[in-house]
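A quick write-up on the structure given underneath.
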Amino acid sequence: MSVGIWRFFDGAPIGAVRETAAEVEELGFDALWFGEYAGRDAFTQAALILAATSRLTVATGIARFDRRAPITAEAATRALGEAYPGRFVAGLGGHFPGARPIPAMREYLAGMDEAELPALPPPSPRPRRLIAALGPRALALAAERADGAHPYFVPPEHTAVARERLGPGKYLAVEQAVILDASPEAAREAAREHVDLYVRQAPHHQANLRRLGFTDADLADGGSDRLVDALVATGEQAAAARIQAHLDAGADHVCVQVLARTAKSYRRLADLLP
Amino acid sequence: MTLLTDTRARLGAIGAWLPSAPLQPPPDVERAATRRLAGLGYRSVWSGEGPGGREVFAAFGDLLATVPDVVLGTGIANVWSRPGRTAEKGGATLAHAHPGRFVLGVGIGHAFQAAKYGEDYRPVDRMRAYLAEMDAAAAESPAPVAFPRVLAAVGPKMLELSRDHADGAHPFAQPVSHTPYAREILGPDKLLIPQQTVLLGSREDARASVRRSVALSRAHHVKAYLAGWKRLGYTEADIDGPSDRFVDDLVLWGDAGTIAKRLDELLDAGADHVLLTPSATSFESTVDILAELAPAVVR
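From first to last, the protein sequence lines stand for chains W and P.
The first sequence runs contiguously to residue 276 in our numbering.
The second sequence runs contiguously to residue 317 in our numbering.
What follows is the structure, given as structure tokens:
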């Protein structure tokens with residue numbers, strides 16, 4: 003069972019980032035994933051987390067395509083793979099303003115493959131390259147031009163589809179949001195807030211959920227109960243069961259985003275795992 | 019303290035500038051070298067990013083964390099590698115994680131580098147737009163810890179940009195006569211951090227080194243260097259000779275004491291902090307020469 007922690011560090015003080023990384027490692031999680039949104043540069047933050055830990059796998063989930071040239075993403079991936087052998091995973095994703103997403107993504111990945119880096123040969127082992135892929139064409143591209151996929155905001159039904167599209171040899175690292183406290187009112191509110199953010203603002207997530215059979219009614223007003231329950235596991239037992247469900251559906255690794263987090267959340271989560 | 023006085027105090031007079039691609043060694047060797055140079059009294063260690071080597075923010079994230087107590091500077095982060103907002107975020111991330119220990123050198127690179135990315139090469143316009151992009155990102159979410167940014171500047175327009183939209187200049191591969199020229203344009207309240215080639219040896223050794231640099235600049239059509247040398251009064255004959263005057267101004271050569279004396283002159287002429295690059299053929303010998311020089315040059 004390979005389980006990691008997924009979170010945003012934007013706004014967190016650097017000291018807190020280092021402490022969290024050390025705690026995640028100490029608790030025995032396999033990886034720490036973080037997103038790149040408005041805050042720190044993803045590869046720079048990965049370097050500082052790698053330096054602050056000694057065994058933990060550190061993964062960008064994801065480094066945005068629009069933040070750097072493909073050759074730069076490849077040069078950063080190799081630099082971290084070289085400095086921290088076997089400990090860095092390059093998750094890549096995001097949008098290409100003004101371009102058709104799949105061809106643009108294909109071009110970006112080709113740019114990484116063709117990067118002329120004569121002074122920086124690929125390190126051994128070569129860091130995994132994963133794509134934030136949801137739909138069938140993005141998953142096919144992840145299978146073709148990457149080592150696998152890092153789907154975010156998906157139920158286990160999607161994981162089964164993703165495994166089928168990727169084939170057996172590719173790496174599938176799935177993000178899952180959980181709330182450990184089952185206090186129904188507060189949990190429902192935190193879960194709905196999380197779901198609302200994506201169903202309201204992210205057309206690619208809306209499209210993905212429709213492909214999975216959710217309707218306009220499910221997507222309206224911050225998400226139906228059915229949708230919220232499908233995307234956020236609430237309560238300790240539900241969280242453990244949902245992680246297992248992704249693994250059973252074909253995930254190699256599940257990275258858990260704990261909502262309504264407290265200082266004890268990661269320890270509680272660790273205690274839930276076998 | 020202002021960023022300027024704070025940076026000057028941290029940098030002191032002398033630092034080291036290490037070659038990156040193609041001489042860049044494995045990470046553990048680079049970490050050990052950086053640690054050694056810091057121990058020898060070099061107050062900063064710089065290295066750069068050409069297309070073909072490590073991505074500089076990721077690499078510096080590692081180096082800053084693994085080598086304490088020395089300032090690290092990028093010489094340079096290449097404009098063609100990432101948008102301005104990403105450079106701003108990278109610099110802010112490093113400065114926040116390692117307050118006072120990071121200087122961002124930004125460079126427009128060369129025409130052949132721009133061509134690799136399929137873009138036009140209009141250095142001053144492109145740099146101005148790039149700095150505006152950085153500033154816009156910083157205005158959206160300000161860096162929690164301020165960090166200085168200096169531009170790889172040779173000619174007057176890039177030096178003016180260094181004065182008006184940055185914290186100073188980091189000229190590369192310039193003769194000593196460039197320092198008073200640059201200080202004149204920058205004025206007193208900006209950082210001037212030139213990279214300077216040094217050579218333990220004779221004028222004839224230095225002449226051979228200059229001949230190689232000139233050939234490289236011609237091969238890559240690095241017009242900024244060639245035009246810059248002429249702007250400072252060196253003729254084609256000086257450059258192609260290369261003449262004694264050009265050799266003496268481009269490379270500080272001699273024994274350690276002679277080199278130290280010429281560094282004093284450079285500091286008196288307006289440099290805040292001089293970065294030494296030995297003329298050497300391997301990374302290991304580069305570091306060994308810096309070690310040999312250290313007792314005479316660091317202060």
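Think of the CB as a built atom: it goes at the ideal place given N, C-alpha and C, for glycine as much as any other residue.
Whose C-beta lies closer than 6 angstroms to the C-beta of residue i among residues of the same chain, with five residues either side of it excluded?
{"i": "Leu311(P)", "result": "Ala274"}
{"i": "Ala253(W)", "result": "Thr161, Leu174 and Val176"}
{"i": "His183(P)", "result": "Leu149"}
{"i": "Gly93(W)", "result": "Ala61, Thr62, Gly63, Ile64, Leu132 and His152"}
{"i": "Ser62(P)", "result": "Leu29, Gly33, Val89 and Gly91"}
{"i": "Val19(W)", "result": "Phe11"}
Using CA coordinates, which residue listed in the options is at the minimum distance from residue i?
{"i": "Phe78(P)", "options": "Ala135(W), Leu132(W) and Leu50(W)", "result": "Leu50(W)"}
{"i": "Leu210(P)", "options": "Asp306(P), Leu177(P) and Gly219(P)", "result": "Leu177(P)"}
{"i": "Ala298(P)", "options": "His291(P), Val292(P) and Asp306(P)", "result": "Asp306(P)"}
{"i": "Tyr86(W)", "options": "Thr84(P), Arg119(P) and Gly93(P)", "result": "Thr84(P)"}
{"i": "Glu166(W)", "options": "Arg20(W), Gln178(W) and Leu136(W)", "result": "Leu136(W)"}
{"i": "His196(P)", "options": "Leu218(P), Ala233(P), Gln42(P) and Ala170(P)", "result": "Ala170(P)"}
{"i": "Leu274(W)", "options": "Val180(W), Asp12(W) and Lys172(W)", "result": "Val180(W)"}
{"i": "Pro4(P)", "options": "Arg146(P), Glu151(P) and His188(P)", "result": "Chain P is shown only over 19 to 317; residue 4(P) falls outside these bounds and no answer can be derived."}
{"i": "Gly205(P)", "options": "Pro44(P), Leu81(P) and Ser180(P)", "result": "Ser180(P)"}
{"i": "Gly237(W)", "options": "Phe90(W), Glu187(W), His206(W) and Asp220(W)", "result": "Glu187(W)"}
List the DSSP bridge partners of residue i.
{"i": "Ala222(W)", "result": "Paired residue(s): none; Ala222(W) is not in a bridge."}
{"i": "Pro327(P)", "result": "Given that chain P is displayed from residue 19 to residue 317, the structure contains no residue 327(P) and the question cannot be resolved."}
{"i": "Thr62(W)", "result": "Phe36(W) and Ala92(W)"}
{"i": "Phe120(P)", "result": "Leu90(P)"}
{"i": "Arg167(P)", "result": "Leu122(P)"}
{"i": "Val5(W)", "result": "Val256(W)"}
{"i": "Trp64(P)", "result": "Trp35(P) and Gly91(P)"}
{"i": "Trp271(P)", "result": "Leu217(P)"}
{"i": "Gln178(W)", "result": "Val258(W)"}
{"i": "Leu179(P)", "result": "BP columns for Leu179(P) are empty, so no partner."}
{"i": "Val234(W)", "result": "Ala179(W)"}
{"i": "Ile133(W)", "result": "Leu94(W) and Ala151(W)"}
{"i": "Gly102(P)", "result": "Answer by DSSP bridge pairing: none, since Gly102(P) is not bridged."}
{"i": "Gly186(P)", "result": "Leu209(P)"}
{"i": "Tyr173(W)", "result": "Gly150(W)"}
Residues in the same chain with beta-carbon distance under 7 angstroms from residue i, minus the five sequence neighbours each way, listed in chain order, please.
{"i": "Ala76(P)", "result": "none"}
{"i": "Arg263(W)", "result": "none"}
{"i": "His238(P)", "result": "His128 and Phe130"}
{"i": "Lys107(P)", "result": "Ala155"}
{"i": "Ser4(W)", "result": "Asp32, Asp254 and His255"}
{"i": "Glu25(W)", "result": "Tyr268"}
{"i": "Gly30(W)", "result": "Ala272"}
Please return the same chain residues whose Cβ sits closer than 8 angstroms to the Cβ of residue i, not counting the five positions on each side in sequence.
{"i": "Ala255(P)", "result": "Ser261"}
{"i": "Ser56(W)", "result": "Glu27"}
{"i": "Asp68(W)", "result": "Gly96, His97, Phe98 and Pro99"}
{"i": "Leu244(P)", "result": "Ser235, Arg236 and Ile257"}
{"i": "Ser99(P)", "result": "Glu67, Pro69, Glu73 and Val74"}
(request) Please confirm if the segment 189-198 of chain P is in contact with the segment 142-161 of chain P, defined as three or more CB-CB distances below 8 angstroms between the two stretches. (result) no
(message) Assess contact between the segment 179-199 of chain W and the segment 218-238 of chain W, defined as three or more Cβ pairs (one per stretch) separated by less than 8 angstroms. Is contact present?
(response) yes
(request) Pull out every residue of the segment 46-71 of chain W whose Cβ sits closer than 8 angstroms to any Cβ of chain P, in chain order. (result) Thr46, Gln47, Ala48, Ala49, Leu50, Leu52, Ala53, Ala54, Asp68, Arg69, Arg70 and Ala71
(message) Counting only Cβ-Cβ distances shorter than 8 angstroms, please list the residues of the segment 107-124 of chain P near chain W, keeping chain order.
(response) Lys107, Gly108, Ala110, Thr111, Leu112, His114 and Ala115
(request) For the segment 24-46 of chain W, enumerate the residues whose C-beta is nearer than 8 angstroms to any C-beta of chain P, in chain order. (result) Ala40, Gly41, Arg42, Asp43, Phe45 and Thr46
(message) Below 8 angstroms, how does it come out for the segment 224-239 of chain P and the segment 265-272 of chain P: are there three or more Cβ pairs, yes or no?
(response) yes
(request) Please list the residues of the segment 235-260 of chain W that have a C-beta atom closer than 9 angstroms to any C-beta atom in chain P, keeping them in chain order. (result) none
(message) So, does the segment 91-107 of chain W touch the segment 117-128 of chain W, judging by three or more C-beta pairs under 8 angstroms?
(response) no
(message) Does the segment 198-216 of chain W come into contact with the segment 22-32 of chain P, if we say contact requires no fewer than three beta-carbon pairs (one atom in each stretch) closer than 8 angstroms?
(response) no
(request) Identify each residue in the segment 84-110 of chain P for which the Cβ-Cβ distance to at least one residue of chain W is less than 8 angstroms, and report them in chain order. (result) Thr84, Trp98, Ser99, Arg100, Pro101, Arg103, Thr104, Lys107, Gly108 and Ala110
(message) Any C-beta of chain P within less than 7 angstroms: which residues of the segment 83-102 of chain W qualify?
(response) Glu84 and Ala85
(request) Return the residues of the segment 238-259 of chain P that lie within a Cβ-Cβ distance of less than 9 angstroms from chain W, sorted by chain order. (result) none
(request) Answer yes if the segment 139-151 of chain W comes into contact with the segment 104-121 of chain W, meaning at least three C-beta pairs across the two stretches below 8 angstroms, and no otherwise. (result) yes
(request) Taking a Cβ distance cut-off of 7 angstroms, strictly less, list which residues of the segment 121-139 of chain W are near chain P, in chain order. (result) Ala121 and Leu122
(message) Beta carbons nearer than 9 angstroms to chain W: which residues of the segment 129-145 of chain P have them?
(response) Lys134 and Tyr135
(message) Assess contact between the segment 205-220 of chain P and the segment 281-297 of chain P, defined as three or more Cβ pairs (one per stretch) separated by less than 8 angstroms. Is contact present?
(response) yes
(request) Please list the residues of the segment 288-312 of chain P that have a C-beta atom closer than 9 angstroms to any C-beta atom in chain W, keeping them in chain order. (result) none
(request) Report the residues of the segment 171-184 of chain P with a CB closer than 9 angstroms to any CB of chain W, ordered along the chain. (result) none
(request) Closer than 8 angstroms, Cβ to Cβ, to anything on chain W: give me those residues from the segment 45-56 of chain P, in chain order. (result) Pro45
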